[in-house]
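Protein chains in written order, with my numbering: chain A, 68 to 459; chain B, 4 to 372. This report concerns only the one structure given below.
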Amino acid sequence: MTARPTRRVRSGVGDIRLRRLLLQLAVVLVTVAAGVYLFGNVQRNLQQLGITPGFDFLRHPASFAIGESSIPYQATDPYGRAFLAGLVNTLRVAVLGVVLATAVGVVAGLARLSANGLVRLLASLYVELTRNTPLLLQLFFWYGAIVYTLPPASQALALPGSVFLMNRGLVLPAPRPGPGFPTAVAILGLALVAAVTAYRILLRKRLEEGRETRPGLVALGLLAAGGLAAVILPAGPALVLERPQLARFNFQGGLMLSAEFTALLLALVIYTGAFIAEVVRGGVLAVPRGQWEAARSLGLSPFLVQRLVVFPQALRIIVPPLTSQYLNLIKNSSLAMAVAFPDLLNVSSTIVNQTGRTLEMLLLVGATYLAFSLLTSLLMNLYNRSLRRGVA
Amino acid sequence: MVFLSLRRIRLATAALVAAVALVAAACSSGGSQPAGSSGGGSGGSGGTGDQAGQSRLQVVLSRGKLICGVNGQLPGFSYLDPSGQMTGFDADFCRAIAAALFDDPNAVEFRPLSAQERFTAVQSGEVDVLIRNTTWTLGRDTVNGMEFLPTTFYDGGGVMVRKDRNVKSLADLDGATICVLSGTTNEMVLTDRMRALGASFTPKTFEDADQLYATYESGGCDAVTSDKSQLAGRRAVLSDPDNHVILDEMLSKEPLGPAVKNNDSTWFDVVKWIVFATIQAEEFGINSQNVDQFKNSDNPDIRRFLGVEGELGKGLGISNDFAYRVIKHVGNYGEIYERNLGPDTPFKLERGLNELWTNGGLLYSPPFR
């Protein structure tokens, strides 16, 4: 069917632009027709089942609890808020994951290029091992390593400083604002402003007058003085440590880093880190050899060669594939369900099961992940453009 | 599209006209299509229209086997035994339907489904019937586009804890971490009950039952909530079953039974009366051993029930002796229960509410007349 129209068009119209236009039009028509057919099909089937689609249910009370939430959430809150709680959990793991995976990836990528044979070998082992095994398997491995090998809450390992390690995760003393908190924040703010201003003024002086004014050192000194003042001056302590206490079943108070969250974060960071390492290695290797040699012949130290000459050029090559790795990490965070971490998808599937709103939630979840991905792409593309402008 | 100049618009219009003409020509030359204007659309809807007019019964009969959605991870209800056979209470009801339709209890394809997948599997017609310890609720009966059949197992929500935790009632679980399968009614029930008690808890929601019980065993959570029958089934396969107790408290009513897709009363009736046949057989005292002798019974009720007389099966669109086939191959309700959940099994579940109405239970079949 597709062969015939094109042949007929060719025989009738010679204009190559018209032919291209026709082809595009045909694609658009087919796509629209397929869309209309699918939409009609879904509607017919839903009607036959007696299901009326709609998003009203998001306002109804959810009446299920969520294991850990970064925003206040209760079972009496509506489904919409439960969805939001899951979304924030996904964001938390995704943002932390992206930052940590970048750090791991850059270190591992440079280590693979190291002159030291042992470092190179270790980095290669890490990259090849994690890159060539499935993420889900690794996730189960980390979850298992935490949950099945660490002791239960009642026999938690007590680490120095009221830190406890057990199969439910890590509990830390949580800093809470104390009576002196507002004063301390004000002092620190002032110190920061002073440091930035001093740095700018001194830097300009150095550039204009050619004198060594040490802007960095002065700014650092100001910040240190501000920090000291923030500790001494306020009437009460700025931060109070809330120590975790073992209750009947679990630790109460403090900051809990749950086993589920930790396992998911570890798996995502280590897995994506290996891919980022390869991206970084490729980027660095792509910088022409002459650039290294030229930089070294200027007498720059190996560190400065990397920082001032190689990395800026490598970044232009690294950023586009890096974006893909970030997108992968964000989407892979949906494997959370395998270890019972209440992320966006996990919470949504509970909502689906309670309300039967499969289609609506699929659309909502799909749109959310799409929005995350597009936003990441946008930010990375902006960054990429600023890099190109800076170099060119 | 944004950059269209006037000249391009003219070109585009010409192209559009040409394309429409081509589509129309292609469709009418297709021959089989009834109308040229919306060829693709009407052809498609014609196909689904047939599908919609046809009962699932015809689909199953012409396929020659039943596709039955089961749990597959739940000992006692549906579980792969060491020989690779799907065994259990739910699995036997799948076999009962196959026996009634094909005179062959093995004409079943078991489709293990997670709690997540099950409703979509019914809605989309991936399975003919869902027999997967699914609680009958109003919401699922309406919004989910399903139709629930007579309850085959009256269950209740419960909680299992380690014995050494010294938990006597739900209120003692204040502050505990409780594992639950996502997509179950238990999740909601537990939240409601704990709220009423003013007790707090941390839920851990798993999608996979094996993962859940492994976490529970290693102390990752203090308790598990589920239907009591499930807890009993799962406790039997824990490494140290005697160290776990199921609290006496009944958290909720959980009537479990088969479900089929909405708005197909032909198929609905068939499955419904096959389930009733197992109950009625027990009431008559007919089992797989003595069913052949009952064929010679003088009792007209029994003769109609077994298809010796009358045309009860024909009304359903299946064989008149469907009840005979069910009893002969799979047995009556009592036999199915004893075989899978009774005192001779590791689960040792009391019949309780699942006794016949004549014995003080809730099982009751409308008359086969």
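Even for Gly, the Cβ is constructed at its ideal location relative to N, Cα and C. The model shown is predicted, which means the values in this text are computed figures rather than measured ones.
Taking a Cβ-Cβ cut-off of 9 Å, the neighbours of B/PHE122 in chain A comprise VAL419, ASN420, GLY423, THR425, given in sequence order. Residue environment analysis places B/MET253 among the exposed positions, since fewer than 16 neighbouring C-beta atoms fall within 10 angstroms of its C-beta. Residue-level contact by beta carbon holds for A/SER130 and chain B, with a gap shorter than 9 Å.
DSSP places B/GLU210 outside any alpha helix (DSSP H), giving it a letter other than H or E.
A/ALA334 is positioned such that its CB atom lies closer than 9 Å to that of A/PHE208. If the five residues before and after A/ALA330 are omitted, its C-beta is found closer than 7 Å to the C-beta atoms of LEU206, TRP209, TYR210, ILE213, VAL406, all from its own chain and listed in chain order.
Cβ proximity to chain A below 9 Å picks out nothing from the segment 271-295 of chain B. In the structure shown, A/VAL103 falls within a helical segment according to DSSP collapsed to helix, strand and coil.
Going by DSSP, B/VAL263 is part of the beta strand (DSSP E) stretching over 256-264. At a cut-off of 9 Å, the C-beta of A/TYR215 has a neighbouring C-beta in chain B. Chain A has no Cβ within less than 9 Å of the Cβ of B/PRO258. For B/THR138, no alpha helix (DSSP H) encloses it; the enclosing beta strand (DSSP E) starts and ends at 132-138. For the 9 Å CB-CB criterion, A/ILE397 and A/GLY164 form a contact. At least one CB of chain B lies nearer than 9 Å to the CB of A/GLY117. Contact between B/ALA239 and B/PHE325 is ruled out by a C-beta separation of about 34 Å, above the 8 Å threshold. A direct Cα-Cα distance of roughly 13 Å separates A/LEU203 from B/GLN214. An exposed status is given to A/THR98, since fewer than 16 other beta-carbon atoms sit within 10 Å of its beta-carbon. A check of alpha carbon separations from A/GLU360 across A/GLY349, A/ARG348, A/GLN373 identifies A/GLN373 as the nearest. With 16 or more other CB atoms across the displayed protein chains lying within 10 angstroms of its CB, B/ARG121 is buried.
For B/GLY337, the CB contacts under 6 Å within the same chain, skipping 5 residues up- and downstream, are GLU285 in chain order. In the three-state reduction of the DSSP assignment, B/VAL170 falls in the coil class. Annotation for B/CYS97: the continuous alpha helix (DSSP H) segment containing it runs 92-105. In the structure shown, B/ASP158 falls within a strand segment according to DSSP collapsed to helix, strand and coil.
Between A/ARG235 and A/MET323, the CB-CB gap stays under 9 Å.
Near chain B, meaning a CB-to-CB distance below 8 Å, the residues of the segment 314-331 of chain A are ALA314, ARG315, PHE316, ASN317, GLN319, ALA326, GLU327. Under the 10 Å beta carbon count, B/ASN147 is surrounded by 16 or more other beta carbons and is classified as buried. For B/LEU259 against B/THR154, the beta-carbon gap comes to about 7 Å, under 8 Å, which counts as contact. For the segment 204-215 of chain B, the set of positions with a beta-carbon nearer than 9 Å to some beta-carbon of chain A reads PHE204, THR205, PRO206, LYS207, THR208, PHE209, GLU210, ASP211, GLN214, LEU215 in chain order.
Listed along chain B are GLY222, each with a C-beta nearer than 7 Å to that of A/PRO219. Ranked by how close their Cα comes to the Cα of A/LEU313, the residues A/ARG111, A/MET233, A/MET447, A/VAL336 have A/MET233 in first place. DSSP places A/PRO242 in the uninterrupted beta strand (DSSP E) bounded by 241-244. Comparing C-alpha distances from B/GLN76 to each of B/PHE151, B/SER58, B/GLN57, B/ASP211 shows the shortest one belongs to B/ASP211.
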